[in-house]
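Only one structure is covered here, and it is reproduced in the block below.
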Amino acid sequence: MLADKDSLSHWGESIFFLFRDLVGELNELSSIAKTINFDTVKGALQYASEEGNRAKTPKHDKATKSGSVTPVEKGGGFSPMPVKDVMAAYGQLMQVVESRIQRGSLSSIDLGIMPGQPPSAIALIQISEGRDQVFLPRLGARGLLNQQLSYMMIDQLKRIGGSVEMGARGHKQSWNTSKLNGEYDIVFKYFIKDPKLDAARSSVAASFGDLMSKRTKMRDVIRYEDPEGEEDELRIEEAELLFPVIKQTRVIKVLAESEDDDHVFEAELAAVSMGVSLERMMAGELPELPPERGKPAQPLQLGLGGSTSAQRASDLQRTPVSEEGGE
Numbered sequence: 001m002l003a004d005k006d007s008l009s010h011w012g013e014s015i016f017f018l019f020r021d022l023v024g025e026l027n028e029l030s031s032i033a034k035t036i037n038f039d040t041v042k043g044a045l046q047y048a049s050e051e052g053n054r055a056k057t058p059k060h061d062k063a064t065k066s067g068s069v070t071p072v073e074k075g076g077g078f079s080p081m082p083v084k085d086v087m088a089a090y091g092q093l094m095q096v097v098e099s100r101i102q103r104g105s106l107s108s109i110d111l112g113i114m115p116g117q118p119p120s121a122i123a124l125i126q127i128s129e130g131r132d133q134v135f136l137p138r139l140g141a142r143g144l145l146n147q148q149l150s151y152m153m154i155d156q157l158k159r160i161g162g163s164v165e166m167g168a169r170g171h172k173q174s175w176n177t178s179k180l181n182g183e184y185d186i187v188f189k190y191f192i193k194d195p196k197l198d199a200a201r202s203s204v205a206a207s208f209g210d211l212m213s214k215r216t217k218m219r220d221v222i223r224y225e226d227p228e229g230e231e232d233e234l235r236i237e238e239a240e241l242l243f244p245v246i247k248q249t250r251v252i253k254v255l256a257e258s259e260d261d262d263h264v265f266e267a268e269l270a271a272v273s274m275g276v277s278l279e280r281m282m283a284g285e286l287p288e289l290p291p292e293r294g295k296p297a298q299p300l301q302l303g304l305g306g307s308t309s310a311q312r313a314s315d316l317q318r319t320p321v322s323e324e325g326g327e
């Protein structure tokens, strides 16, 4: 394709790079399809007669007119000209062109058109991998372009020096160019978000069970944009389950930041129930814990026990005997 006529006019093209020449073929096939449809309604006919080619053929419009009755010879009559080979060749060629265009662009599944029964998780992943082979290199090239543009802008800002205003209109902020000094890297990463594909990858990740760590599943199977950040979010949510006071504090802060006065009042009540004022909680101060109460002294056990108790019992039994002996 790059050696075709006027190839330089499309140099560096990305979107139509893989199927530009097929668009003309598709238009030609569409024209052939219209011709076949027209011939189906008003196509060529052949007339069988004993006179052969010397027979006087009826007019086409009169013979094909709706509701018309045309007498014919026994064993003769009208029949369409054979075009089955043309229709079969058209169908095969159209299928080839459409499949090639989908391989070089977005398929019907990428556009949300499911052919019949929805595909399985493995099938969706295979389709996405084929699509990524086409689009990810383009996104990678775009990332490299933005990277070089960023380096160029940084060099220009360093030469200007001082402070510059950056940001959207109405939201500009002043920045000191000295913050741009130092060694650092700029990387642009692009991800294709597809809920169907995320669900398919999640199903595959769940099938591994305990044979794979959560971090590996999020990084290599589900392919989150920020697996470390996602893992931190899971830990933050898990903290609410392990420590109910954390969940209570977060709910109170959400109520306090609401514009509804009733919600703010509810936040104050909830904070008081936790032993701290709302102002101190919003400032990040912890409530003072009550002093630990001393443990009560161990009470003496009632009853007899041990060697002393046994000795006293023997003394109680001996006393009456000694008194009787004295008498």
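Numbering (the UniProt record's numbering), first residue to last: 1 to 327.
Beta carbons: idealized from backbone N, C-alpha and C, even for Gly.
Bear in mind that the values here come from a model prediction, so they are computed numbers and not experimental data.
Please check the pair residue i and residue j, which I expect to be a contact at CB under 8 Å, by giving their CB distance rounded to whole angstroms.
| i | j | result |
| --- | --- | --- |
| residue 97 | residue 29 | 6 Å |
| residue 281 | residue 252 | 6 Å |
| residue 36 | residue 90 | 6 Å |
| residue 240 | residue 247 | 4 Å |
Quick check on residue i: buried or exposed, where buried means 16 or more other Cβ atoms within 10 Å of its Cβ?
| i | result |
| --- | --- |
| residue 218 | buried |
| residue 249 | buried |
| residue 149 | exposed |
| residue 222 | buried |
| residue 206 | exposed |
| residue 142 | exposed |
| residue 234 | exposed |
| residue 197 | buried |
| residue 159 | exposed |
| residue 200 | buried |
| residue 278 | buried |
| residue 305 | Because residue 305 carries a pLDDT of 49, less than 50, the predicted location of this residue cannot be relied on, and the following value inherits that uncertainty. Exposed, because fewer than 16 other Cβ atoms sit within 10 Å of the Cβ of residue 305. |
Between which two residues does the alpha helix (DSSP H) harbouring residue i extend?
| i | result |
| --- | --- |
| residue 202 | 195-208 |
| residue 272 | 261-273 |
| residue 329 | The requested residue 329 does not occur in the structure, where the chain is confined to residues 1 to 327. |
| residue 255 | 244-256 |
Is it true that the CB of residue j sits closer than 9 Å to the CB of residue i?
| i | j | result |
| --- | --- | --- |
| residue 48 | residue 81 | no |
| residue 192 | residue 135 | yes |
| residue 266 | residue 276 | no |
| residue 64 | residue 42 | yes |
| residue 274 | residue 245 | yes |
| residue 46 | residue 79 | yes |
| residue 263 | residue 256 | yes |
| residue 157 | residue 100 | no |
| residue 144 | residue 188 | yes |
| residue 140 | residue 190 | yes |
| residue 231 | residue 214 | yes |
Check for me: the beta strand (DSSP E) holding residue i runs from which residue to which?
| i | result |
| --- | --- |
| residue 80 | 77-80 |
| residue 165 | 163-166 |
| residue 174 | 173-176 |
Is the stretch 160-167 touching the stretch 181-189 in the sense that three or more CB pairs, one from each, lie closer than 8 Å? no
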